[in-house]
Amino acid sequence: SQPSSNPSLYYVYPGAETTVPAYIKAISDYQETTGITEGKLTHFPDWSHPELKSATLNFYSALVARYNTDPRLAFLQVGFGLWGEYHIYQPGVVLGQNFPSKSFQEEFLRQLDADCTVLRWSISIDAGSSSVTPIANDPSILALGFGLFDDSFMHEGHADYNRDMFLALEYSTRYTASPIGGELGYYTYYDQQNALNVGGMHGRTYEQLSAQYFVSYMLGNDQPSYQTDARIKQAGMSNGYRFKITAFSSSSSQTRVTVQNTGIAPLYYDAFVAANGVQSSESLKGLLPGQSQSVTIESGGDSPTLTIESPRLVSGQVIQFEANLQP
């Protein structure tokens, strides 16, 4: 496996001053606010100021322009508020002041959707709250290509609030084109310690809840303290797509292959079946769980070498597949 990381970019963090650029802070009518959040004095950006809004739009346009086709970046998660999760528990969300107005949120989301022509991007499921965002009440915003991120996966009340947010953001169709992922919940130490237990917790296993919400990836940085490497790998392998070759034949000049997705989510980037290094013209991108796709490749022979190739792979990565065909 390849090493990975989850770098975060933020303006606000509990107990800290904002990371808003100094030149914006120096503008005379830019006025930040403070409040106690997570028990700490916290500074909040002034979202009423046009320069902060313009700088934010420009930054994300530049970020996507640089990394849109970079295979080192799997997904981009964006949002506002603490941890980009669309909430400020204390002192609370004040739209247009310590939190962007609904009109700016819409402008931001539409721009990001237009810029991300390849890179898949996601927002927190907390964005399903109509009191904070314009998303759930606007079909045209719901039609944008954002995926979803659930930062309290597996917690005890998941079937209540979390499911309401998933439903508000139309997860059951959204997953077909945009990734769903998350982070194992930190509501209690018990949740962290038991989230990946083979027997499950709170009435379901990790695999069952992942399948219910078509999960492609999950953050679980504390899990090595509670689970074996083998169990962590098993849980991770249960997520996302899984390819199985169900039919294979070749002639001197062609190879015919049928691929089935036996996973719980599609692949969100292009990938092509190849014979002897020659790729098929049809991508496996978007092949839904349980569906199959047949391709013909203009290369064959008595025993052609079969691979699945993708421009999103970094050096050393391969896309594995299951194949156990009987002659």
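Note that the sequence shown covers residues 187 to 513 in our numbering.
Every residue gets a Cβ at the ideal spot worked out from N, C-alpha and C, and that includes glycine.
Do residue j and residue i have their beta-carbon atoms positioned less than 8 Å apart in this structure?
i           : j           : result
residue 434 : residue 447 : no
residue 457 : residue 492 : no
residue 472 : residue 362 : yes
residue 439 : residue 486 : yes
residue 331 : residue 321 : no
residue 365 : residue 306 : yes
residue 267 : residue 245 : no
residue 223 : residue 276 : yes
residue 257 : residue 497 : yes
residue 265 : residue 272 : yes
residue 327 : residue 397 : no
residue 399 : residue 427 : no
residue 255 : residue 304 : yes
residue 508 : residue 431 : yes
residue 202 : residue 229 : yes
residue 247 : residue 301 : yes
residue 227 : residue 219 : no
residue 408 : residue 369 : no
residue 464 : residue 494 : no
residue 323 : residue 317 : no
residue 468 : residue 477 : no
residue 421 : residue 392 : yes
residue 192 : residue 499 : no
Per DSSP, what kind of secondary structure is residue i in: helix, strand or coil?
i           : result
residue 395 : helix
residue 380 : helix
residue 298 : helix
residue 337 : strand
residue 221 : strand
residue 332 : coil
residue 281 : strand
residue 314 : helix
residue 469 : coil
residue 417 : helix
residue 233 : coil
residue 287 : coil
residue 474 : coil
residue 426 : coil
residue 451 : coil
residue 346 : helix
residue 203 : coil
residue 410 : helix
residue 375 : helix
residue 499 : coil
residue 195 : coil
Following the continuous beta strand (DSSP E) through residue i, name the residue where it begins and the one where it ends.
i           : result
residue 441 : 441-447
residue 430 : 429-436
residue 404 : 401-405
residue 226 : 226-230
Could you please give me the residues that DSSP links to residue i through a beta bridge?
i           : result
residue 387 : 390
residue 307 : 262
residue 461 : 464 and 492
residue 484 : Bridge partners of residue 484: none, in fact.
residue 507 : The partner list for residue 507 (beta bridge, DSSP) is empty, contrary to what the question assumes.
residue 479 : 445
Return the Cβ separation of residue i and residue j in integer angstroms, given the expectation that the two are a contact with Cβ distance under 8 Å.
i           : j           : result
residue 308 : residue 263 : 5 Å
residue 206 : residue 236 : Contact doesn't hold; Cβ gap of about 13 Å is too wide.
residue 310 : residue 335 : 5 Å
residue 367 : residue 340 : Not confirmed; about 13 Å, so no contact.
residue 349 : residue 382 : That belief does not hold up - the Cβ atoms of residue 349 and residue 382 are roughly 21 Å apart, past 8 Å.
residue 401 : residue 425 : 5 Å
residue 490 : residue 414 : The Cβ separation is near 38 Å, so there is no contact.
residue 238 : residue 210 : 6 Å
residue 196 : residue 270 : 7 Å
How far does the alpha helix (DSSP H) with residue i in it reach, from first residue to last?
i           : result
residue 367 : Premise fails: residue 367 lies in the beta strand (DSSP E), 366-370, not in any alpha helix (DSSP H).
residue 359 : 357-360
residue 244 : 236-253
residue 274 : Segment: none, residue 274 is in no alpha helix (DSSP H) and carries neither H nor E.
residue 321 : From DSSP, residue 321 is part of no alpha helix (DSSP H); its letter is neither H nor E.
residue 208 : 208-211
residue 353 : 349-354
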